[in-house]
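For what it's worth, this note's numbering labels the leading residue of the sequence shown as 2, then goes sequentially. These notes are about the structure you will find just below.
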Amino acid sequence: RHELADLTQQFNQTVDKLRQAKAKEDQMIQENLARADRLVTLGEVAAEIAHEVNNPAGIILTRAELIRDEMQDEANDTYLEDIEIIIRQTEKIADTTRSILHYARQLPQSFSDTDLNEVIAQSIKILRPRIQKARVNISFTPLEQPAIIRGNYNQLEQVFCNLTNNSLDVLPPLNGRIEVALTPLPANGNGGGYQIRFTDNGPGIPETIREEIFSPFFTTKEDGKGTGLGLFIVRNIIAHHHGRITLSANGSAGATFLIEIRNGNGKV
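Structure below.
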């Protein structure tokens, strides 16, 4: 009788565990479906916004180019450099809206020979005012030779801008530090390539959320201060380039992201 009671208890416990596991699985499925639905909605809304943004972006670009041409003989180099940045960023807006429309229509993105040295340096240049305002030190030493891969320049630029902005959000002033290192990867069956090590000395990323940081809409920032799409976009862009991005375990000693991309679009 006692043995039967024990078996019954064990059976009931097993059933309870299975029910809990099934409930957890159902919850995860529901969350994934809800997340997918939000992404579909986001894509539809983004496509509409892209159409609306294209027109004013085109006007800004045209006027900025006119100002640049008219000031060639009068303006000093600083003003001309600022105008070039305005033009470059407006072109980036136009390219981003095209990317959104490409995504919505499932059209392929254009790739060309892209120098990672230039992409990283330009990303730092774009964010230089914010870096200086945050009083954070950032270091990057380009390779002596071009670091060429087949890629989309503006998408890769967005990767490094997103990573830098994330670091700037958490780094302390004066003592904050960002280091970007670019090194060649040894050749394998898919050709050579490059590793980019992006490190900061911020508070780090807790072990409990490391599996979630690349998920869409996941953020640890206060409401209204983050969309939770930054690292999700970064991961998708790197995947689009047949590369990979991983978070290195630094504990509380800052965060280190490792990006690996092959220069022939071969899988890492």
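Heads up, the beta-carbon is just placed ideally off N, CA and C, and yes, glycines get one too. Remember, predicted model here, so these are calculated numbers, not experimental data.
How far does the beta strand (DSSP E) with Gly-231 in it extend, from its first residue to its last? Not the beta strand (DSSP E): Gly-231 falls in the alpha helix (DSSP H), residues 231-241.
Taking 8 Å as the threshold (beta carbon to beta carbon), is Glu-66 in contact with chain D? Of the chains in the structure shown, none is chain D; there is only one protein chain.
Between which residues of its own chain and Asp-116 is the CB-CB distance below 8 Å, once the five residues before and five after are set aside? Pro-147, Ala-148 and Ile-149
Span of the alpha helix (DSSP H), counted from its first residue to its last, around Phe-161: That run of the alpha helix (DSSP H) goes 154-171.
Can you list, in chain order, the residues of its chain with a C-beta nearer than 7 Å to that of Glu-92? Leave out the 5 residues immediately preceding and following it. Leu-62
Please report how far the alpha carbon of Thr-184 lies from the alpha carbon of Arg-89, in whole angstroms. So the two alpha carbons sit approximately 27 Å from each other.
Please classify Ile-60 as buried or exposed, where buried requires at least 16 neighbouring CB atoms within 10 angstroms. exposed
Are the segment 172-179 and the segment 128-136 touching by the rule of at least three beta carbon pairs closer than 8 Å? yes
Is Pro-187 helix, strand or coil by DSSP? strand
Kindly indicate which three-state DSSP category Arg-131 falls into: helix, strand or coil? helix
Look at the alpha carbon of Phe-112 and the alpha carbon of Arg-151, and state the distance between them as a whole number of angstroms. 6 Å
Other residues of its chain near Glu-213: CB distance less than 6 Å, five sequence neighbours each side excluded: Phe-219
Which residue's Cα is closest to the Cα of Ser-216: Ile-197, Glu-208 and Asn-237? That would be Asn-237, whose Cα lies nearest to the Cα of Ser-216.
Nearest-angstrom Cα separation, counted from Tyr-154 out to Ala-188: 23 Å
Using 8 Å as the threshold, is the C-beta distance between Ile-196 and Glu-119 below it? Just to set this straight, residue 196 is Gln in the shown sequence, not Ile. No, these two residues do not count as a Cβ contact at 8 Å.
Return the residue from the list Thr-97, Pro-204, Ile-239 and Gln-159 that minimises the CA-CA distance to Asn-55. Relative to Asn-55, the option among Thr-97, Pro-204, Ile-239 and Gln-159 whose CA is nearest is Thr-97.
Compute the beta-carbon to beta-carbon distance between Ala-65 and Ile-84, rounded to the nearest angstrom, for a pair I have assumed lies under 8 Å. 6 Å
Tell me the rounded alpha-carbon separation between Ser-249 and Thr-200. 9 Å
Taking the alpha-carbon positions, what's the Gln-123 to Thr-15 distance? 58 Å
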